[in-house]
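Using my numbering, the letters of the sequence shown map in sequence onto residues 410 to 1103. Note that CB positions come from ideal geometry on N, CA and C, so glycine has one too.
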Amino acid sequence: MAATNLFDERRRAVMIAAAKRWKTQPPTPATTQVTPSEQARYDARRSSFVQASELKAQGRLPVFVERKIGPTLDWYTLPPDDAARAAGLPVARIVVNVDPKVDPVGFATGFMISPNVLLTNWHVFPDPGSVRGTGANFLHDQTASGVTRGIIFEFDPDALFFSAEDLDFAIVAVKPKAVTGELLSSVNFLAINGSRSKILPGMPIRMIEYPDGGPKRYAMENCRLLELRDDGFLRYETDTEGGSSGSPCSSEIWEVVGLHHASIPKMRGNTILNKDGSAWSPGQPDEGIDWIANEGVRISALVKAFGGLVPTTPSSKRLLDELLANTTDPTDEVAKLATPRAPEALNPLLPDPSKIFANVKGNAMGGVTMNFSGPVTIFIGSGVPASQLPLATAEIAADEALEKALRFDPNYDDREGYNPDFLENDIAVPLPRISQERDQEMYKENGQIVVLKYHHFSLAMNASRRMQMWSAVNVDYDASKRTSSGRAFFGQDRWVFDPRIPQKFQLGDPDIYEPAKQIDRGHIVRREDNAWGDTPTEIEFANSDTFHFSNCTPQHAAFNRSQPGKQWPGVQGLWGGFENHIQRDLQSGDTRACIIAGPILEANDPSEDFGTGVVQYPLVFWKVVAVSARDTNGRRSLRTYGFRLSQKDVVDRFGVEFAPGEYARYQVALSAISHEAGVIFDDVLLRADTHAEA
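And the structure:
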């Protein structure tokens, strides 16, 4: 077990991160109001549980469905106190020892989410070593005759353990028999599922916790849900104390909606404040802190993350499969047993995700070639996008890669952005500008277009379309500036909003990426192009920066992959081959390039509404590759190559040279890209265009 001070440091770091999220993006009327579609989905779900109660009374509710619903079902037939006791049975106090002869000392909370797996926080258990020797203490309750010791089960991280800092979760196996002989099956578990309609802002949120390592407590007062956030968190007013980390957050019918992980303190700069306005410092009691609210992790986000975990042993695979098998939404199964109605996933208020692109010209499905093109990195998957999955075990540099997620540079002020002089030799590649006709669409502050700077690249956002208008990246494939480890070395992918601009100007998961099954998040600035640097930290942060939603554009999965798969017969990923050949070309000789790219955002682009508003998705993309070319006398000069690719022109073999080889049929003048995309290239780029119009 890690030293207590290390646990406190991790807890404090999570707490400060939550406070900074609050300060950067506090709840607003726009983020806390309930939309009619959200209310309809919630009402439909609530109706399912009423139907389940009726089916149970008729003897028509299968046992496995009843178990998935758990204490939620009891809420309709038993007094709330009995339902609360049923919900509290699988909730454990996490203790630092398992010796039955020694009084256990509690320091956190966790709860069973499958017959053999417990969920708590990353800051409680960041790694398997921190778990060893600790235990789960169930039934440590306050009774009329005093506090019961309860039953202690030892954790088994060798059987299964995963943790992730970004969503602050840890799941760990629990041994099936207690140190005193009782069976783990006696405590049951709290079933979880990925539905996003379990609770709405303004409703009560309840917690079962072991505050200060003491006996179990039910926090049911002053517990209003403030906000459900798209980044995977939720905020609420429920009272908590130290030791509540890892507690289940439940709706009023005891359906688990979140994992508690942090209280949000009032801060001045980086200083935590006491209620009297004085500075709080480590070592002082937490009771004096001026708490603003609490923050938890949404269960729907965790279920999605669990689907992306890659087990490496037979036992971990068995336990993870068992866990995932219990995460299906029971309301779908109730719907099949009761009066027919569409389950939440097919709610009539929302379009059928499987039909996206169904009526778009160029759809690859049904034997029609997709008319998609663009400088993107596409990930495909079913249910959970593969962009969130680690690579296959054989490609993972170390087992630890499975236990971490991408780490982002928290300091946005020091990002240097794109360097126009990157090619050196007195060669400049200036950033593009926006045409007068498209200027009003851009995201601005104080009347000026905002250029967001990241490590090695910059971009400007089209506010009306909620995606970038252009991006420019410095690329260096010098082997000495790159890690030899694979993608999973950096940890599991995770996409984040750029906190410097409002989320409403950035397309996020609920808008299109989650519901649309045929598309996924696509990089404009390619991850591989940007993952370089002079230090390991620079490489890591540059890699992570490409996972901002500002760098993400909806793309059809069949476009990027050079071998998309049998589901898209006869289609080859044109841009995937194009990107790969650029990379191979830059790995020998001059390793540097400047790449400017973006989508062509047209007024007649197709659109869909998945419940958060109409989203238009682009069909065509452009890319300009700028390199320093050497002539026969050794002098260097700028050469630019513009491409506008269409999937209907896909060929069996791909090749790209900067003179431009087999890609000649796709090369266009920069002036043509400028006309379509609404961006203006500097004259120095136009003069260097190898395909300039006569």
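Quick one, which of the options has its alpha-carbon nearest residue i's?
i            : options                : result
residue 500  : 459, 558, 599 and 1024 : 599
residue 535  : 579, 549, 568 and 510  : 579
residue 881  : 853, 823 and 1035      : 1035
residue 828  : 1077, 815 and 883      : 883
residue 898  : 953, 685, 943 and 707  : 953
residue 724  : 1033, 432 and 570      : 570
residue 939  : 923, 956 and 496       : 956
residue 1098 : 1051, 1085 and 726     : 1051
residue 727  : 888, 568, 1023 and 736 : 568
residue 814  : 889, 734, 714 and 886  : 714
residue 834  : 873, 1037, 493 and 696 : 1037
residue 470  : 502, 740 and 1088      : 740
residue 531  : 507, 491, 576 and 520  : 576
With residue i as the anchor, note down where its beta strand (DSSP E) starts and where it stops.
i           : result
residue 505 : Here residue 505 belongs to no beta strand (DSSP E), and DSSP marks it neither H nor E.
residue 440 : No beta strand (DSSP E) contains residue 440, which is instead part of the alpha helix (DSSP H) from 438-441.
residue 572 : 570-573
residue 595 : From DSSP, residue 595 is part of no beta strand (DSSP E); its letter is neither H nor E.
residue 636 : 634-637
residue 874 : Run containing residue 874: none; DSSP gives neither H nor E here.
Using only the alpha-carbon positions, how far apart do residue i and residue j sit?
i            : j            : result
residue 1014 : residue 436  : 33 Å
residue 460  : residue 662  : 14 Å
residue 572  : residue 1077 : 48 Å
residue 542  : residue 934  : 45 Å
residue 862  : residue 719  : 33 Å
residue 729  : residue 529  : 16 Å
residue 983  : residue 961  : Any reading at residue 983 needs caution, since the residue's pLDDT is 49, under 50, leaving its predicted position unreliable; the model's value is listed next. Distance between the alpha carbons of residue 983 and residue 961 is about 19 Å.
residue 959  : residue 657  : 32 Å
residue 885  : residue 879  : 20 Å
residue 919  : residue 1005 : 28 Å
residue 527  : residue 510  : 24 Å
residue 1019 : residue 922  : 10 Å
residue 849  : residue 609  : 35 Å
residue 616  : residue 653  : 9 Å
residue 442  : residue 910  : 21 Å
residue 1090 : residue 841  : 5 Å
residue 419  : residue 665  : 25 Å
Just to confirm my understanding: we take residue i, look at its own chain, exclude 5 residues before and 5 after, and list those with CB closer than 6 Å. What are they?
i            : result
residue 860  : 867 and 869
residue 1104 : No statement about residue 1104 is possible, as the shown extent of the chain runs from 410 to 1103 and does not include it.
residue 566  : 537, 540 and 581
residue 743  : 457, 460 and 461
residue 1026 : 963
residue 951  : 864, 865, 939, 940 and 942
residue 613  : 632 and 661
residue 487  : Its pLDDT being 41, under 50, residue 487 is placed unreliably in this model, and the coordinates cannot settle the point.
Going along the chain, which residues of its own chain have a beta-carbon closer than 7 Å to the beta-carbon of residue i, five neighbours each way excluded?
i            : result
residue 1039 : 1045
residue 699  : 674, 675, 682, 683 and 684
residue 1086 : 1007, 1009 and 1031
residue 709  : 603, 604 and 605
residue 522  : 528, 598, 599, 601 and 732
Compare the C-beta of residue i with all C-beta atoms of chain C and state if any pair is closer than 8 Å.
i           : result
residue 603 : Here there is only one protein chain, and chain C is not present.
Let me confirm a value: residue i is counted as buried when at least 16 other C-beta atoms fall within 10 Å, else exposed. Which label applies?
i            : result
residue 1032 : buried
residue 556  : exposed
residue 913  : exposed
residue 422  : exposed
residue 864  : buried
residue 692  : exposed
residue 1084 : exposed
residue 586  : exposed
residue 797  : Residue placement at residue 797 is flagged as unreliable, the pLDDT there being 35, under the threshold of 50; a coordinate-derived value is accordingly withheld.
residue 378  : Because the chain in this structure spans residues 410 to 1103, residue 378 falls outside the shown range and cannot be described.
residue 688  : exposed
residue 809  : For residue 809, the predicted model reports a pLDDT of 37, less than 50, meaning its position is unreliable and no value from the coordinates is stated.
residue 1079 : buried
Could you name the residues of the same chain whose beta carbon sits closer than 8 Å to that of residue i, not counting the 5 residues immediately before and after it, in chain order?
i            : result
residue 1093 : 837, 838, 839 and 1047
residue 1112 : Nothing can be reported for residue 1112: it is not among the residues displayed for the chain, which extend from 410 to 1103.
Along the chain, where does the alpha helix (DSSP H) that runs through residue i open and close?
i            : result
residue 1018 : From DSSP, residue 1018 is part of no alpha helix (DSSP H) but of the beta strand (DSSP E) over 1016-1018.
residue 538  : 537-540
residue 728  : 723-734
residue 945  : 945-954
residue 709  : 708-715
residue 1082 : 1079-1086
residue 1096 : 1092-1096
residue 855  : Run containing residue 855: none; DSSP gives neither H nor E here.
residue 939  : 936-939
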